[in-house]
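Below: the structure, in structure tokens.
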Amino acid sequence: MSFEADIKQLREEHSLTQQELADKVHVSRQTVSTWERGKNYPSLDVLRELSQLFGLSFEKLVFGEEQMTKKDDTIANRVNGDRKKKKWYKKTTVALAAIIGLIVIWAGTLTFGYQNGFEQIDRVNPFLSYQTAYTKLPEEKVVKPTNKNRGQWTAWFTDNLMGSEWWKLTLSTGVNPGYDDPYVMVVHKGSYVKVARIVPGSSVSELNKKDLAAWNQLLENKDKDSVVRAEVNKIKNKKHLSDYQVNG
Numbered sequence: 308m309s310f311e312a313d314i315k316q317l318r319e320e321h322s323l324t325q326q327e328l329a330d331k332v333h334v335s336r337q338t339v340s341t342w343e344r345g346k347n348y349p350s351l352d353v354l355r356e357l358s359q360l361f362g363l364s365f366e367k368l369v370f371g372e373e374q375m376t377k378k379d380d381t382i383a384n385r386v387n388g389d390r391k392k393k394k395w396y397k398k399t400t401v402a403l404a405a406i407i408g409l410i411v412i413w414a415g416t417l418t419f420g421y422q423n424g425f426e427q428i429d430r431v432n433p434f435l436s437y438q439t440a441y442t443k444l445p446e447e448k449v450v451k452p453t454n455k456n457r458g459q460w461t462a463w464f465t466d467n468l469m470g471s472e473w474w475k476l477t478l479s480t481g482v483n484p485g486y487d488d489p490y491v492m493v494v495h496k497g498s499y500v501k502v503a504r505i506v507p508g509s510s511v512s513e514l515n516k517k518d519l520a521a522w523n524q525l526l527e528n529k530d531k532d533s534v535v536r537a538e539v540n541k542i543k544n545k546k547h548l549s550d551y552q553v554n555g
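Per our numbering, residue 308 is the first one in the sequence shown, and the count goes up by one each step.
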């Protein structure tokens, strides 16, 4: 049977006039009349009210028979499933956004620490590896534990024999134990110094010594033109330099 015939039959079986049915589902009598003449069709909300009023399933009322027999195939369960999917998508999106946000913050923190020489950040940076570097031991008044900086001092270290990798490191070593031509050897990861030892100059490569001499001459030379002076000032404000060759 068609919906218009079914709705009329159901109304008559329940001894309802068109007006009484209209009052129960909050529509006008003319609306009920258009249903029974096949001129109009109820909205979903009204169909739900009719289903409850006549004690019929939504499918029975709409299709004239039980179209879906499995519980999981009912319209209600489909709607509920869609709702669960939307919630899952929303939670997944939020979780992914949080993970991406944490990755961005983590990467930004590592980059910030690397560029600004924060040793505790460099210490946990998985993209940095430990390197061995050298510098000339400063004079005793600088490294002495009783000085105003409690023995802490800062100097540029060369990381390789080519003199192209430089780090400005802060550390303490104490005074020279009696070595001739003392140098400092450090094992560091970025700005983090793991080990620092005073070593005799005879144990340091001549290339490292020449690199350091050229570097210090560059930084200490007062007779330089404006271009060189600008370059030196830029270097002094950095924490490290890569692929920078000093012409000694």
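Glycine is no exception: its CB is placed at the ideal position from the N, C-alpha and C atoms.
Continuous beta strand (DSSP E) assignments of at least 3 residues falling wholly in the stretch 423-461: 438-443, all fully within the stretch 423-461.
Nearest-angstrom Cβ-Cβ length linking Q325 and S340, presumed shorter than 8 Å: By one-based count along the sequence shown, residue 325 stands at place 18. By one-based count along the sequence shown, residue 340 stands at place 33. About 6 Å separates the two Cβ atoms, so the contact holds.
Opening and closing residue of the beta strand (DSSP E) in which S340 lies: By 1-based counting over the sequence shown, the position of residue 340 is 33. Run containing S340: none in the beta strand (DSSP E); it sits in the alpha helix (DSSP H), R336 to E343.
Under the three-state DSSP convention, the category V511 falls into: One-based indexing of the sequence shown puts residue 511 at position 204. Reduced to three states, the DSSP call for V511 is coil.
Touching by the beta-carbon criterion (3+ pairs, under 8 Å), the stretch 401-409 and the stretch 425-435: With the rule of 3 Cβ pairs closer than 8 Å, the stretch 401-409 does not count as touching the stretch 425-435.
Counterpart residues of S549 in DSSP-defined beta bridges: Stepping through the sequence shown from its first residue, residue 549 is reached at position 242. In the DSSP output, where bridge partners are listed per residue, S549 has E472.
Euclidean distance between Cα positions of I410 and P507: On the sequence shown, position 103 is the one that residue 410 refers to. On the sequence shown, position 200 is the one that residue 507 refers to. If I take the Cα positions, the gap works out to 45 Å.
Alpha-carbon spacing of K391 relative to L317, whole angstroms: The count along the sequence shown starts at 1 and reaches residue 391 at position 84. The count along the sequence shown starts at 1 and reaches residue 317 at position 10. C-alpha separation (whole angstroms): 35 Å.
Straight-line gap, N483 to T400 (C-alpha atoms, nearest Å): Your numbering for residue 483 matches position 176 in the sequence shown. Your numbering for residue 400 matches position 93 in the sequence shown. N483 and T400: Cα-Cα distance of roughly 60 Å.
Under 8 Å between C-beta atoms of E320 and E343: In the sequence shown, the residue the question calls residue 320 occupies position 13. In the sequence shown, the residue the question calls residue 343 occupies position 36. No, Cβ-Cβ distance for E320 and E343 is not below 8 Å.
Paired residues, beta bridge with L478 - DSSP: Locating residue 478 in the sequence shown gives position 171, where the first residue counts as 1. The partner list for L478 (beta bridge, DSSP) reads W460.
Closest by C-alpha distance to A440, when choosing among N454, I412, N515 and T338: Your numbering for residue 440 matches position 133 in the sequence shown. Comparing Cα positions, the closest option is N515.
DSSP state of K397 mapped onto helix, strand, coil: Start at 1 with the first residue of the sequence shown, and residue 397 comes out as number 90. Three-state DSSP puts K397 in a helix.
Distance, G424 Cα to K546 Cα: Residue numbering aside, residue 546 sits at position 239 when the sequence shown is read from its first letter. Residue numbering aside, residue 424 sits at position 117 when the sequence shown is read from its first letter. Inter-residue distance for K546 and G424 is about 6 Å (C-alpha atoms, whole angstroms).
Burial state of L468, where buried means 16 or more other Cβ atoms lie within 10 Å: On the sequence shown, residue 468 is found 161 positions in, with the first residue counted as 1. Exposed, since its Cβ has fewer than 16 Cβ neighbours within 10 Å.
Meets three-Cβ-pair contact criterion under 8 Å: the stretch 481-496 and the stretch 521-529: Counting Cβ pairs under 8 Å, fewer than three are found: no touch.
Cβ neighbour criterion (16 or more within 10 Å) applied to K378: As a position in the sequence shown, residue 378 is number 71, starting the count at 1. Low confidence applies here, because K378 scores a pLDDT of 47, under 50, leaving its location unreliable; read the following figure in that light. So K378 counts as exposed.
Presumed contact (8 Å Cβ cut-off) between L354 and V334, rounded CB distance: By one-based count along the sequence shown, residue 354 stands at place 47. By one-based count along the sequence shown, residue 334 stands at place 27. Contact flag wrong, Cβ pair sits at about 12 Å.
Opposing strand residues paired with V500 [DSSP bridges]: Translated into the one-based positions of the sequence shown, residue 500 becomes position 193. DSSP lists H495 as partners of V500.
For K475 and W463, believed in contact at Cβ under 8 Å, the rounded distance: Stepping through the sequence shown from its first residue, residue 463 is reached at position 156. Stepping through the sequence shown from its first residue, residue 475 is reached at position 168. 5 Å between Cβ atoms; contact.
Residues of its chain near Y437, where Cβ-Cβ distance is below 6 Å and the 5 sequence neighbours each way are ignored: On the sequence shown, residue 437 is found 130 positions in, with the first residue counted as 1. Excluding residues within five positions, the ones whose Cβ falls inside 6 Å are V494 and K496.
Buried versus exposed call for G362 [16 or more other C-beta atoms within 10 Å across all chains shown]: As a position in the sequence shown, residue 362 is number 55, starting the count at 1. By the 10 Å Cβ count, G362 comes out exposed.
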